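Working notes, beginning with the structure itself.
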Amino acid sequence: EKIEVDPPKPGEVRIKIISSGICGTDKHILEGKDKVPLPAILGHEGAGIVESIGEGVTSVKPGDKVLMFPVPECRECSSCLHPKGNFCLKEKVIPPTGLMLDGTSRFTCRGRKIYHLYGTSTFTEYTVVHEIAVGKIDDGAPMDRVCIISCGVPTGFGAVFNTARVTPGSTCVVFGLGGIGSAVVMACKASGASRIIGVDINEEKFPWARDLGVTDCLNPQKLEKPVQEVVVEMTGNGVDFAFEAIGLIDTMVGALESCHPSYGVCVIIGVAPSNSQLIFDPLLLLSGRILKGGAVGEYKTRDSIPKLVTDYMEKKINTDPLITHKFPFKSINKAFELFQAGHCIRCCIRE
Ligand code: APR
Ligand code: ZN
Ligand code: ZN
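For the sequence shown, position 348 matches number 1172 in my numbering, and the numbering has no gaps at all.
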């Protein structure tokens, strides 16, 4: 569709999108599992160049290369002011309003209002984002590679480094070996985990997962008993760290039950369907298991994520293996088909 993108209002930035990753959350929204205001421009994992800035914007200027984040960092709210808090309260992220902070939208299509997604909306040539959700990155950054550092990479890395704090020699299980689960695997390996069990119903993901560091692959559909029972048997009493990177209630409970009863830590990363409830036996926690969650890996987005891009530029991290496919922007539907069919890890679109 041809759309109109209004100029940025005070505190806002208009960005030319150069590249965007396709994330599991976009798929869930298309399938109707995550409810957001519609019609909307999806996409929330983007890299672009600042085209113009609204009044009062000081942290970026036209021509800057930037990433945009689904969770902003206002640096004023109680989350932002807390040394550990990252879930900024300035914008209503969950459930999303689909609107800018002034309650209006910057997108119209044939005269009709179009909603934003998570304050980002990256499947468009131009978007408008609040300055508090934009981070300037290195001028030399390759946009079609670093775009995934705006959501998938920090979500997976931070779940391991910030939320779980995986320790050397530990055992881990990762439910879901898509883009996010694969980033989790990379970080578990970098943390020195001795065993990383990968769980997925799509065995096409297994060779990629093994390359990234998964030591054992399990397909729950081919097991005679629940996968969590198999994980507990394989590890003696359960893993030190479990991650759910699918977004389903059953696999969240499965991840929790895979943990060591006394000190196992389970991190929920996947976004569950709207209005669902997580129901499990509270005795699972009484023995000492820890259940945690976090958005965008608990990174303070503007402070920390541009530094991950610098780490990438300095070759301290290599996130390239996460991107298995790239498509020109006009083939976005083809890219989505490939992603929905499960034939890729991360698929990115670019100019
Ligand atoms: N059991 C095991 N694996 C499953 C199951 C299941 N019941 N259902 C789906 N999977 C696998 C898919 O085969 C896929 O490999 O989970 C993986 C999900 O990966 P992606 O679709 O690439 O999604 P990703 O971008 O990694 O996001 C995963 O994190 O951010 C959230 O909303 C996002 O909830 C989503 C999750
Ligand atoms: Zn995402
Ligand atoms: Zn804030």
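Don't be surprised by glycine CBs; every beta carbon is placed ideally from N, CA and C.
From a predicted model like this one, the values you see are computed outputs, not experimental measurements.
Skipping 5 residues on each side, what residues in its chain have a beta carbon closer than 6 Å to that of residue 1119?
895 and 911
In chain order, what are the residues with a CB under 7 Å from some non-hydrogen atom of ligand 2?
847, 848, 849, 868, 869, 894, 975, 976 and 979
Exposed or buried, which one is residue 1103 when buried takes at least 16 other CB atoms within 10 Å?
exposed
Among 955, 1075, 1045 and 1086, whose alpha-carbon lies nearest the alpha-carbon of residue 1062?
1086
Which ranges does the alpha helix (DSSP H) cover as unbroken runs of at least 4 residues, wholly within the stretch 1043 to 1078, from first to last along the chain?
1051 to 1058
Using the Cβ count rule (16 or more neighbours within 10 Å means buried), how would you classify residue 932?
exposed
Could you check the C-alpha separation between residue 1159 and residue 1152 for me, to the nearest Å?
9 Å
What is the residue span of the alpha helix (DSSP H) that residue 980 lies within?
976 to 982
Would you kindly work out how many angstroms separate the C-alpha atoms of residue 1139 and residue 1110, rounded to a whole number?
43 Å
With DSSP collapsed to three states, give me the class of residue 954.
strand
Is any heavy atom in ligand 1 found nearer than 6 Å to the beta carbon of residue 824?
Since the displayed the chain opens at 825 and closes at 1175, residue 824 lies outside it and no answer follows.
What is the DSSP secondary structure of residue 1094, counted as helix, strand or coil?
coil
Throw me the rounded Cβ distance for the residue 1068 and residue 1163 pair, which I believe falls under 8 Å.
In fact, because the Cβ distance is near 20 Å, the residues do not count as touching under 8 Å.
Could you check if residue 899 is buried or exposed, using at least 16 other CB atoms within 10 Å of its CB as the buried criterion?
exposed
Spell out whether any CB of chain C is found under 7 Å from the CB atom of residue 837.
Given the protein chain composition of this structure (a single chain), no chain C is represented.
Under the criterion of a Cβ to heavy atom distance below 6 Å, does residue 914 qualify as lining ligand 3?
Checking the 6 Å criterion, the Cβ of residue 914 is within range of a heavy atom belonging to ligand 3.
Taking the Cβ atom as the reference point for each residue, do residue 979 and residue 1121 lie within a distance shorter than 7 Å?
yes
Nearest CA to the CA of residue 1070: which residue from 1024, 1055, 1056 and 1060?
1024
By alpha-carbon positions, which one of 940, 907 and 1002 ends up nearest to residue 917?
940
If you run the structure through DSSP and keep just helix, strand and coil, what is residue 961?
In the structure shown, residue 961 sits in coil (DSSP, three-state: anything other than H, G, I, E or B).
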